[in-house]
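Each number in my numbering corresponds to the 1-based position in the sequence shown with 5 added. Here a beta-carbon is modelled for each residue, glycine too, at the ideal position from N, C-alpha and C.
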Amino acid sequence: MLYAILKAFHLLGIVVWIGGMAFMLFCLRPAARVLEPPARVTLMHAALKRFLAVAAIAIVVLFICGTAMVGLAWSAAARAGLAFNMPLDWYWMNATFFVMLAVFIHIRSVLFRRLDAAVTAAKWPDGAAALAAIRWEVSINLVLGTFVIFF
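Following this line, the structure appears as structure tokens:
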């Protein structure tokens, strides 16, 4: 029962993180193109600020639930007197998670700060450049996240 609850929250974290990236790339960004640069950059800044906060929570949930599920599987194997051999796809999932986490941290700590500074200073070309860099890294994370779902 606990494993099922953890897996449900784990999947919810995946939906929030990957779904949010897909929404930003495929819905919000194209729709914002109709706005003038100051309004577009300001809108994307506000949306990204909220999304990065929600994604951070989803990432914490993913880490806690994923770690707990591995711990439960290890514990069940130990109680049964068996050696615990984590499935290969779990290793791939873990490795991909940490790559995606590194990309997220770079977006949040470097690229979003550039965007924030550009919005504060009303330097719209700098904001657009920061948004382009963020879009590229979000695209990388979306591909990686989709890879994990399929494999």
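Residues of its chain near residue i, where Cβ-Cβ distance is below 7 Å and the 5 sequence neighbours each way are ignored
i      : result
Pro42  : Trp129 and Ala133
Leu106 : Ile64
Ala138 : Leu116
For residue j and residue i, believed in contact at Cβ under 8 Å, the rounded distance
i      : j      : result
Thr101 : Leu149 : 5 Å
Leu17  : Leu77  : Actually they are not in contact, since the Cβ atoms of Leu17 and Leu77 sit about 18 Å apart, beyond 8 Å.
Trp97  : Val75  : Actually they do not touch by this definition, with Cβ atoms about 14 Å apart.
Ala135 : Leu147 : Rounded, the Cβ-Cβ distance is 18 Å, inconsistent with contact.
Leu48  : Ala37  : 5 Å
Nonlocal neighbours in the same chain, by C-beta distance under 6 Å from residue i, ignoring five residues either side
i      : result
Trp22  : Ala60 and Ala63
Glu142 : Val108 and Ile112
Asp131 : Ala123
Sequence-distant residues of the same chain with beta carbon closer than 8 Å to residue i, five excluded per side
i     : result
Leu40 : Leu48
Ala88 : Ala82
Leu67 : His15, Gly18, Ile19, Trp22 and Phe102
Jot down the residue ranges of each uninterrupted beta strand (DSSP E) in the segment 96-133, minimum 3 residues, whole runs only, in chain order. Counting only runs of 3 or more, we get nothing.
Evaluate contact between the segment 12-26 and the segment 49-63, counting only Cβ atoms and requiring at least three cross-stretch pairs below 8 Å. Contact between the segment 12-26 and the segment 49-63 is present, because at least three Cβ pairs lie under 8 Å.
Whole alpha helix (DSSP H) elements within the segment 12-85, 4-residue minimum: If we require 4 residues or more, the alpha helix (DSSP H) runs fully inside the segment 12-85 come out as 34-37 and 42-84.
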